[in-house]
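Novice: Residue numbers (the numbering used here), protein chains in the order written: chain B, -17 to 429; chain H, -17 to 429.
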């Protein structure tokens, strides 16, 4: 029987994070939770989402709160609710209650934070300060935040798993709803219902589409045809702010056609190859290139590409069909810390490539224990890529355009899981939702 | 058989609106659609919602578009999508296509609008210009926009009705889901599923709560107890931007208790009284006061209040239990044109009262044909109001606190419909969703 350490109380988790920040960044730091954002008029706001760096050290989802972190000690700045606010928004905890809950050493009104900025590092844009500065304005703070948030403690991992469990249920609901649905919107609704019912939110705008070749498709009006593949990229975010991110692609009819199945299995092979080698020390970029080579090899086997997979990848031929990176960091943000530009995704001294096959790679670091990344290879037939490529004549030796026509209706496939790096390998946090074609067919048909 | 005029094509509707603007406001006007707003990092945006004034004249839901209106003629400013954008967001109509669709006389790149500002009126904050100016910066433009948007053409009414139909279906789904639900979130999910499945969005953050006494409650975690009333204020917004806004309050158990039923019927009487007299020329403020008197009379009948309804309302005693206004304008915004402050809600020369019973009244104008307003009286037991009121001793003559205790568990009731003013009276656009207590019981039990 394995001994299990009971989870730390949240206040101690937060204190540990603050202590580690103090080690990495001795200067004081000020962070803000942010303000609700108006949708069409001031009182009609989008659902408030607190800043992720702020959440990391406080766990607080309240707007109009600032904190000062100094040597691990937290000073809280927030206002008590006005009597009128109690009418419209109900009773809310007082400043003193919140201060005690999160382990603050002192608590002052919100505006008082302005008197604590002079010595403190902060991030541009936060609290309305220095909106025009880039993230390289506070390099020491950025470096410390990245060093902390790249690696997840047990509380973070628990929250990501909780979000992932709801996302998996949402995908199952989407598959079950497909036979009875006539539009993308209906499947999306069945999926988001699960997330809303669990008191979670969508970590990002859902993609639920029969046009998976549009990578960030946020339209849901297309009709579902029996011969379509439906690509669903939907992920829940826990109330604490921790995210999950899952993509599955399934046949509307409940049965992959042979052409769909062939290409699906190529994408799955790329996915599985990455999972098989992910472990501490492995370069994420090498996972990406492995996915590309596996995809290229599969397309060679199908007669769509000609040549050696290594050469095809070297010349970015795979990128005609897989133009994005194999994944990204996952944490409090679905692309974790992307607000810091490439400071989190790219190890110091590394920069994005100009190469077509690499420029959309969001992560280029060695993997390490407790990192969480997505693995999400795909196959797409994007007219905006394939049209010019064919016209150019440049790919006539490497692409068998006639053979590709046999796969004409297969527009977009992606398989995406959330993967935690462990001391000796990795754990697929979203493995309970199958990826095998037959298993997906069964889930669609089970409806 | 009644003759029905076929609906005008949208391009002609838009042209009529622009021509009417030109009559009311001869100077040129520049409006912007707006930009997507970041949620936690720049690429992770909230779902984009175009500015309502812009929508009114263009019907366009695209970000980063500006228009110049001059003598009814529209000049369009937008950029064609970049080739990279086609990869991520799919093919999009070109500037020329959009220009033709909405009847523009000329079309230029987005940034070119900067050269057309000098002579033009605009609204503060739009397009990032003059964010700090109040809406009284452009009084002539504000006046013209209000004069136009207060009264709805057939296209607008059709869109509001389409949104209302989906909202009604959502409420039916919420009632049907209640017996099987254990939390507020589950009922909310069942309601929003209907809205999402129809390709619509929520016009505002849903309120679905057993704590209806919190007027803008946006928490959904409470458990449902059999003795609770569930208050749901949920409204769909059509893809065109036109809103609806419905509240129903139903018993979790499917049966109102006698105490709940008594208070429910008081609120319903206030609602019905307003509907009965709403017609052109009637002051909306008088509807509000009628609702207050009807509510006061009902509470006198129940023994909760003592005195004459007129006197009770004169002294704001009703406002202890009904502290908000009886409704608001409805249109492209759920509180239509609230971005203009009280310029739309309050007729020229009128201002908000300081009186407790009137200061939250959002609308103080005579009703007129084709206006759409909500009628939404309520009864609430708000601790932040009733606690101090009781302690003050000030209401001991008019409130029977002992009798009120018999209604202890009835925390919040609201009944809200969307009402179109017609030449001789009004039409309840949301009448297909019943308000009678027995009818609601049947819808909950029918599950």
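Using N, Cα and C, we set each Cβ at its ideal position, and we do this for glycine too.
(1) According to a CB-to-CB cut-off of less than 8 Å, which residues of the stretch 29 to 52 of chain H neighbour chain B?
(2) Along the stretch 188 to 200 of chain B, what residues have a CB closer than 7 Å to any CB found in chain H?
(3) Please list the terminal residues of the continuous beta strand (DSSP E) segment that includes residue 360 of chain H.
(4) Between residue -17 of chain H and the rest of its own chain, which residues show a CB-CB distance below 8 Å, the 5 nearest in sequence each way excluded?
(5) If you draw a straight line from the alpha carbon of residue 41 of chain H to that of residue 183 of chain B, how long is it in whole angstroms?
(6) Secondary structure at residue 101 of chain H, three-state DSSP: helix, strand or coil?
(7) Could you say if the stretch 321 to 335 of chain H and the stretch 396 to 415 of chain H meet the contact criterion of at least three C-beta pairs nearer than 8 Å?
(8) Give the C-beta separation of residue 355 of chain H and residue 311 of chain H to the nearest angstrom, bearing in mind that I take them to be a contact with Cβ-Cβ under 8 Å.
(9) Taking C-beta to C-beta, are residue 398 of chain B and residue 357 of chain B nearer than 8 Å?
(10) Mapping the DSSP letters down to three states, classify residue 215 of chain B as helix, strand or coil.
(11) Mind checking the stretch 202 to 213 of chain B against chain H and listing, in chain order, the residues whose C-beta falls within less than 9 Å of any C-beta there?
(12) Looking at chain B, which residues of the stretch 306 to 327 of chain H have a Cβ within less than 7 Å of any of its Cβ atoms?
(13) In angstroms, rounded to a whole number, what distance separates the CA positions of residue 47 of chain H and residue -9 of chain H?
(14) Where does residue 141 of chain B sit, in a helix, a strand or coil, going by DSSP?
(15) Among residues of its own chain, excluding the 5 on either side of residue 130 of chain H, which ones have a beta-carbon nearer than 8 Å to its beta-carbon?
(16) Taking the beta strand (DSSP E) that residue 60 of chain H falls in, what are its first and last residues?
(17) Below 9 Å on C-beta distance, what does residue 174 of chain H contact in chain B?
(18) Cβ of residue 299 of chain H within 8 Å of Cβ of residue 314 of chain H?
(19) So for residue -17 of chain B, helix, strand or coil by DSSP?
(20) Quick check: the Cα distance between residue 303 of chain B and residue 353 of chain B, rounded to an integer number of angstroms?
(21) Confirm, please, whether the CB-CB distance from residue 262 of chain B to residue 349 of chain B is below 8 Å.
(22) With a Cβ-Cβ cutoff of 8 Å, do residue 128 of chain B and residue 326 of chain B count as a contact?
(23) Can you find a CB in chain B that lies within less than 8 Å of the CB of residue 71 of chain H?
(24) Any beta carbon from chain H within less than 8 Å of residue 161 of chain B's own beta carbon?
(25) Chain H partners of residue 168 of chain B, CB-CB under 8 Å?
(26) Nearest CA to the CA of residue 341 of chain B: which residue from B:82, B:240, B:271?
(27) Taking 8 Å as the threshold, find out whether the stretch 138 to 147 of chain H comes into contact with the stretch 151 to 168 of chain B through three or more Cβ pairs.
(28) Give the straight-line distance between the Cα atoms of residue 82 of chain H and residue 53 of chain H, rounded to the nearest whole angstrom.
(29) Mind pulling the chain B residues with CB within less than 8 Å of residue 19 of chain H?
(30) For residue 23 of chain H, go through chain B and note every residue whose CB falls closer than 7 Å to its CB, in chain order.
(31) Check whether the Cβ atoms of residue 345 of chain H and residue 375 of chain H lie closer than 8 Å to each other.
(32) Kindly indicate the opening and closing residues of the alpha helix (DSSP H) around residue 252 of chain B.
(33) Can you name the residues of chain H whose CB is closer than 9 Å to the CB of residue 106 of chain B?
(34) Which bits of chain H does residue 186 of chain B rub up against, with CB to CB less than 7 Å?
(35) By how many angstroms is the C-alpha of residue 243 of chain B removed from the C-alpha of residue 421 of chain B?
Specialist: Let me lay it out:
(1) From the stretch 29 to 52 of chain H, only 29, 31, 33, 34 have a Cβ closer than 8 Å to chain B.
(2) Of all residues in the stretch 188 to 200 of chain B, those with a C-beta nearer than 7 Å to a C-beta of chain H are 193, 196, 197, 198, 199, reading in chain order.
(3) For the purposes of this step, residue 360 of chain H is identified with residue 378 of the second chain, where counting begins at 1. Residue 360 of chain H -> beta strand (DSSP E) spans 360 to 362.
(4) To locate residue -17 of chain H, count along the second chain from 1; it is residue 1. Confidence at residue -17 of chain H is low in this model, with a pLDDT of 48, below 50, so the placement of that residue should be treated as unreliable; the coordinate-derived value is given next. Correct list: empty, nothing qualifies.
(5) Position 59 of the second chain, counting from 1, holds the residue named residue 41 of chain H. Position 201 of the first chain, counting from 1, holds the residue named residue 183 of chain B. Approximately 29 Å between the Cα atoms of the pair.
(6) Residue mapping note: residue 101 of chain H aligns to position 119 of the second chain, counting from 1. Coil at residue 101 of chain H, not helix or strand.
(7) No, the stretch 321 to 335 of chain H does not touch the stretch 396 to 415 of chain H.
(8) Residue mapping note: residue 355 of chain H aligns to position 373 of the second chain, counting from 1. Residue mapping note: residue 311 of chain H aligns to position 329 of the second chain, counting from 1. Correct: roughly 6 Å between the Cβ atoms.
(9) One-based indexing of the first chain puts residue 398 of chain B at position 416. One-based indexing of the first chain puts residue 357 of chain B at position 375. Taking 8 Å as the Cβ cut-off, residue 398 of chain B and residue 357 of chain B qualify as a contacting pair.
(10) Translated into positions along the first chain, residue 215 of chain B becomes position 233. The three-state reading of DSSP puts residue 215 of chain B in strand, counting E and B together.
(11) Here the close residues are 202, 203.
(12) Legend: CB atoms of the stretch 306 to 327 of chain H lying less than 7 Å from CB atoms of chain B belong to residues 315, 316, 317, 320, 321.
(13) Reading the second chain from its first residue, position 65 is the one you call residue 47 of chain H. Reading the second chain from its first residue, position 9 is the one you call residue -9 of chain H. In this model, residue 47 of chain H and residue -9 of chain H are separated by some 22 Å (Cα to Cα).
(14) By one-based count along the first chain, residue 141 of chain B stands at place 159. Residue 141 of chain B falls in the helix class under three-state DSSP.
(15) As a first step, residue 130 of chain H must be located in the second chain, where it is residue number 148. Counting only Cβ-Cβ distances below 8 Å, and skipping sequence neighbours, we find -1, 2, 3, 6, 38.
(16) The residue given as residue 60 of chain H occupies position 78 in the second chain. Membership of residue 60 of chain H in the beta strand (DSSP E) is indicated by the continuous run 55 to 60.
(17) Counting from 1 along the second chain, the entry for residue 174 of chain H is found at position 192. In chain order: 171, 174, 175, 178.
(18) The residue you call residue 299 of chain H lines up with position 317 of the second chain. The residue you call residue 314 of chain H lines up with position 332 of the second chain. Taking 8 Å as the Cβ cut-off, residue 299 of chain H and residue 314 of chain H do not qualify as a contacting pair.
(19) Mapped onto the first chain, residue -17 of chain B falls at position 1. Bear in mind that a pLDDT of 47 at residue -17 of chain B, under 50, signals an unreliable position, so the number given afterwards is only what the model happens to contain. Correct three-state label for residue -17 of chain B: coil.
(20) Stepping through the first chain from its first residue, residue 303 of chain B is reached at position 321. Stepping through the first chain from its first residue, residue 353 of chain B is reached at position 371. A straight line joining the alpha-carbon of residue 303 of chain B with that of residue 353 of chain B spans about 28 Å.
(21) Within the first chain, the letter at position 367 stands for residue 349 of chain B. Within the first chain, the letter at position 280 stands for residue 262 of chain B. Yes, these two residues count as a Cβ contact at 8 Å.
(22) For the purposes of this step, residue 128 of chain B is taken as the residue at position 146 of the first chain. For the purposes of this step, residue 326 of chain B is taken as the residue at position 344 of the first chain. Yes. Within cutoff.
(23) Against the second chain, residue 71 of chain H aligns to sequence position 89. Closer than 8 Å: yes.
(24) Taking the first residue of the first chain as position 1, residue 161 of chain B is located at position 179. False, the Cβ-Cβ gap to chain H never drops below 8 Å.
(25) Position 186 of the first chain, counted from the first residue, corresponds to residue 168 of chain B. By Cβ distance, chain H contributes 179.
(26) As a working note, residue 341 of chain B is residue 359 in the first chain. The option with the nearest alpha carbon to residue 341 of chain B is B:271.
(27) Here the stretch 138 to 147 of chain H makes no contact with the stretch 151 to 168 of chain B; the two share fewer than three CB pairs at distances below 8 Å.
(28) Walking along the second chain from the start, residue 82 of chain H turns up at place 100. Walking along the second chain from the start, residue 53 of chain H turns up at place 71. For residue 82 of chain H and residue 53 of chain H, the distance between alpha carbons rounds to 18 Å.
(29) Here the question's residue 19 of chain H lines up with position 37 in the second chain. Those are 19, 28, listed as they occur along chain B.
(30) Taking the second chain and counting its residues from 1, one reaches residue 23 of chain H at position 41. Going along chain B in sequence order, the residues near residue 23 of chain H (Cβ under 7 Å) are 315, 317, 320, 321.
(31) The residue given as residue 345 of chain H occupies position 363 in the second chain. The residue given as residue 375 of chain H occupies position 393 in the second chain. In this structure, residue 375 of chain H does not lie closer than 8 Å to residue 345 of chain H by Cβ.
(32) Along the first chain, one-based indexing puts residue 252 of chain B at 270. Looking at the DSSP string, the run of the alpha helix (DSSP H) that includes residue 252 of chain B is 240 to 259.
(33) Here residue 106 of chain B corresponds to residue number 124 of the first chain, with the count starting at 1. Against chain H, a Cβ distance below 9 Å from residue 106 of chain B picks out nothing, because the smallest value is about 12 Å.
(34) Here residue 186 of chain B is taken as the residue at index 204 of the first chain, counted from 1. Residues of chain H passing the Cβ test: 26.
(35) For the purposes of this step, residue 421 of chain B is identified with residue 439 of the first chain, where counting begins at 1. For the purposes of this step, residue 243 of chain B is identified with residue 261 of the first chain, where counting begins at 1. Taking the straight line from one Cα to the other gives about 12 Å.
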